[in-house]
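Step one of this worksheet: look at the structure below.
Protein chains: 2
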Amino acid sequence: MLSIGSLSKRTGVKVPTIRYYEQMGLLKAAERSEGNQRRYERSDLERLAFIRHARDLGLDIPAIRELIRLSEHSQQPCADADRIAAEHLAAVREKIVRLRKLEQELDRIVSHCDGGHSIEECYVIRALSDHGLCESEH
Amino acid sequence: MLSIGSLSKRTGVKVPTIRYYEQMGLLKAAERSEGNQRRYERSDLERLAFIRHARDLGLDIPAIRELIRLSEHSQQPCADADRIAAEHLAAVREKIVRLRKLEQELDRIVSHCDGGHSIEECYVIRALSDHGLCESEH
DNA sequence: ATAATTCCTATAGTCACTAGAGCTTCAAGA
DNA sequence: TCTTGAAGCTCTAGTGACTATAGGAATTAT
Chain A
532 MLSIGSLSKR
542 TGVKVPTIRY
552 YEQMGLLKAA
562 ERSEGNQRRY
572 ERSDLERLAF
582 IRHARDLGLD
592 IPAIRELIRL
602 SEHSQQPCAD
612 ADRIAAEHLA
622 AVREKIVRLR
632 KLEQELDRIV
642 SHCDGGHSIE
652 ECYVIRALSD
662 HGLCESEH
Chain B
532 MLSIGSLSKR
542 TGVKVPTIRY
552 YEQMGLLKAA
562 ERSEGNQRRY
572 ERSDLERLAF
582 IRHARDLGLD
592 IPAIRELIRL
602 SEHSQQPCAD
612 ADRIAAEHLA
622 AVREKIVRLR
632 KLEQELDRIV
642 SHCDGGHSIE
652 ECYVIRALSD
662 HGLCESEH
């Protein structure tokens, strides 16, 4: 049986975050010691690792809740799990596209300015003031 | 003189957001009508467009506040403005790198799963359970 | 004049945590 | 066994950049 602190050290998830996951219903309410402190077993450690991995991949809490629910019905088909992951992948790809446009625009703005002028002539400030100086929409 | 609603329509910034920007000190407190409603002039419209453009590029409110401050000292050198934009560009690039790693990992996970198995065999669930199945760190 | 729309302030909610206060329990050494 | 310091507990509030709602006042259109 692990204390919340040991569980934290083993998984790299901070103590308040573990309590938060419990509150959000990702971890089942832990057993308690006589003095009301949380005690965890191996299965909790595995589930927390699962949650952490999913968070690292950017999945949000409702999605993780759903994945946990699905993972408990081992005989059901996995189409739903696949869909959740695929939708997330699509969202990540969209974000990348948007950020690439931003990158281009910022790069263009920054490279027009060597920091050696006065504010009055500064391309950074002028570009922000005048959308017409942009190359693409963003 | 524009009402807050007209200003909103012209800039595409929602009414509550305009009030929020005022509260955050990005827009100066507007003049008021006899009945205490905000009234804007051309210079406010320009500043709001500036703010909006900067937000679209992903700059946060403190950065925009600083850019506005700088833009009011037209004879100062623009090194600071340049630095703010360059730092933001670097942050955007880092985000892209991180998202690309995520994309790879998710793509690998999703493409191992065609949605036709049971949860028990599902690669999505297995990959989340076992970090050892990952190709790279993330 | 009246009705419909817009405006006002103030408060609370979003997401996934993080920080702090004030208190209790636990583990280790003397 | 006693003490001390670390770790635990609950509850509340703060983060960023808004968004939503409530309850009321002002403005605009008919």
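Line by line, the protein sequences are chains A and B.
According to my numbering, the first sequence is numbered sequentially starting from 532.
According to my numbering, the second sequence is numbered sequentially starting from 532.
Cβ coordinates follow ideal geometry from the N, Cα and C atoms, glycine included.
Limits of the alpha helix (DSSP H) - the one that histidine 662 of chain A falls within: Taking the first sequence and counting its residues from 1, one reaches residue 662 of chain A at position 131. From DSSP, histidine 662 of chain A is part of no alpha helix (DSSP H); its letter is neither H nor E.
Pair within 9 Å by beta-carbon distance, glutamate 572 of chain B and glutamate 562 of chain B: The count along the second sequence starts at 1 and reaches residue 572 of chain B at position 41. The count along the second sequence starts at 1 and reaches residue 562 of chain B at position 31. It is a contact, given that the beta carbons lie within the stated cut-off.
Helix, strand or coil at serine 642 of chain B according to DSSP, with G and I counted as helix: Reading the second sequence from its first residue, position 111 is the one you call residue 642 of chain B. Here serine 642 of chain B sits in helix by DSSP.
Interfacial residues, the region 639-655 of chain B to chain A, with Cβ spacing under 9 Å: Ile640, Val641, Cys644, Asp645, Gly646, Gly647, His648, Ser649, Ile650, Glu651, Glu652, Cys653, Tyr654 and Val655
Candidates B/Ile549, B/Tyr654, B/Arg541 and B/His669: closest to serine 602 of chain A by CA position: Taking the first residue of the first sequence as position 1, residue 602 of chain A is located at position 71. Ranking B/Ile549, B/Tyr654, B/Arg541 and B/His669 by Cα distance to serine 602 of chain A puts B/Tyr654 first.
Pairwise C-alpha distance: histidine 648 of chain B and glutamine 606 of chain A: Taking the first sequence and counting its residues from 1, the one referred to as residue 606 of chain A is at position 75. Taking the second sequence and counting its residues from 1, the one referred to as residue 648 of chain B is at position 117. Distance between the alpha carbons of glutamine 606 of chain A and histidine 648 of chain B is about 9 Å.
Cβ of aspartate 587 of chain A within 9 Å of any chain B Cβ: Taking the first residue of the first sequence as position 1, residue 587 of chain A is located at position 56. Closer than 9 Å to some Cβ of chain B, the Cβ of aspartate 587 of chain A qualifies, so yes.
Environment of glycine 589 of chain A [buried if 16+ CB atoms lie within 10 Å]: Counting from one through the first sequence, the residue named residue 589 of chain A turns up at place 58. Burial call: buried.
Reference aspartate 613 of chain A; option with closest CA among B/Pro608, B/Arg657 and B/His584: As a first step, residue 613 of chain A must be located in the first sequence, where it is residue number 82. When each option's Cα is compared against that of aspartate 613 of chain A, the closest is B/Arg657.
Between the CA atoms of arginine 631 of chain B and isoleucine 595 of chain B - distance to the nearest angstrom: Within the second sequence, numbered from 1, the residue matching residue 595 of chain B stands at position 64. Within the second sequence, numbered from 1, the residue matching residue 631 of chain B stands at position 100. Distance between the alpha carbons of isoleucine 595 of chain B and arginine 631 of chain B: 28 Å.
Within chain A, the residues that arginine 631 of chain B reaches when beta carbons sit closer than 7 Å: On the second sequence, residue 631 of chain B is found 100 positions in, with the first residue counted as 1. Chain A residues near arginine 631 of chain B: Ile627.
Test: aspartate 613 of chain B CB closer than 9 Å to a CB of chain A: As a working mapping, residue 613 of chain B is identified with position 82 in the second sequence. Aspartate 613 of chain B counts as touching chain A.
Alanine 585 of chain A, buried or exposed, once every other Cβ within 10 Å from all chains shown has been counted against 16: Your numbering for residue 585 of chain A matches position 54 in the first sequence. The residue is buried, with at least 16 neighbouring Cβ atoms inside 10 Å.
Nearest-angstrom Cα separation, counted from serine 534 of chain A out to arginine 570 of chain A: Position 39 of the first sequence, counted from the start, is the residue given in the question as residue 570 of chain A. Position 3 of the first sequence, counted from the start, is the residue given in the question as residue 534 of chain A. The straight-line gap from Cα to Cα measures roughly 5 Å.
The alpha helix (DSSP H) enclosing glutamate 514 of chain A, as first and last residue numbers: Outside the shown range of chain A (532 to 669) lies residue 514 of chain A, about which nothing can therefore be said.
Touch test, the region 544-561 of chain B against the region 657-668 of chain A, Cβ-Cβ under 8 Å, three pairs minimum: no
Glutamate 651 of chain B burial status per 10 Å Cβ neighbour count (16 or more: buried): Along the second sequence, one-based indexing puts residue 651 of chain B at 120. Result: exposed.
According to DSSP, residues forming a beta bridge with leucine 630 of chain A: In the first sequence, the residue the question calls residue 630 of chain A occupies position 99. Paired residues: none, contrary to the question.
Minimum Cβ-Cβ distance from serine 605 of chain A to chain B less than 9 Å: On the first sequence, position 74 is the one that residue 605 of chain A refers to. For serine 605 of chain A, the answer is yes, since a Cβ of chain B falls inside 9 Å of its Cβ.
Minimum C-alpha distance to cysteine 609 of chain B - residue among A/Gln635, A/Val641 and A/Lys540: Translated into positions along the second sequence, residue 609 of chain B becomes position 78. Closest by alpha carbon: A/Val641.
Burial state of histidine 604 of chain B (16 or more Cβ within 10 Å): As a first step, residue 604 of chain B must be located in the second sequence, where it is residue number 73. So histidine 604 of chain B counts as exposed.
The alpha helix (DSSP H) enclosing tyrosine 552 of chain B, as first and last residue numbers: The count along the second sequence starts at 1 and reaches residue 552 of chain B at position 21. Per DSSP, tyrosine 552 of chain B belongs to the alpha helix (DSSP H) from 546-554.
Beta-carbon proximity of isoleucine 627 of chain A to glutamate 634 of chain B, cut-off 9 Å: Walking along the first sequence from the start, residue 627 of chain A turns up at place 96. Walking along the second sequence from the start, residue 634 of chain B turns up at place 103. In contact: isoleucine 627 of chain A and glutamate 634 of chain B (Cβ atoms closer than 9 Å).
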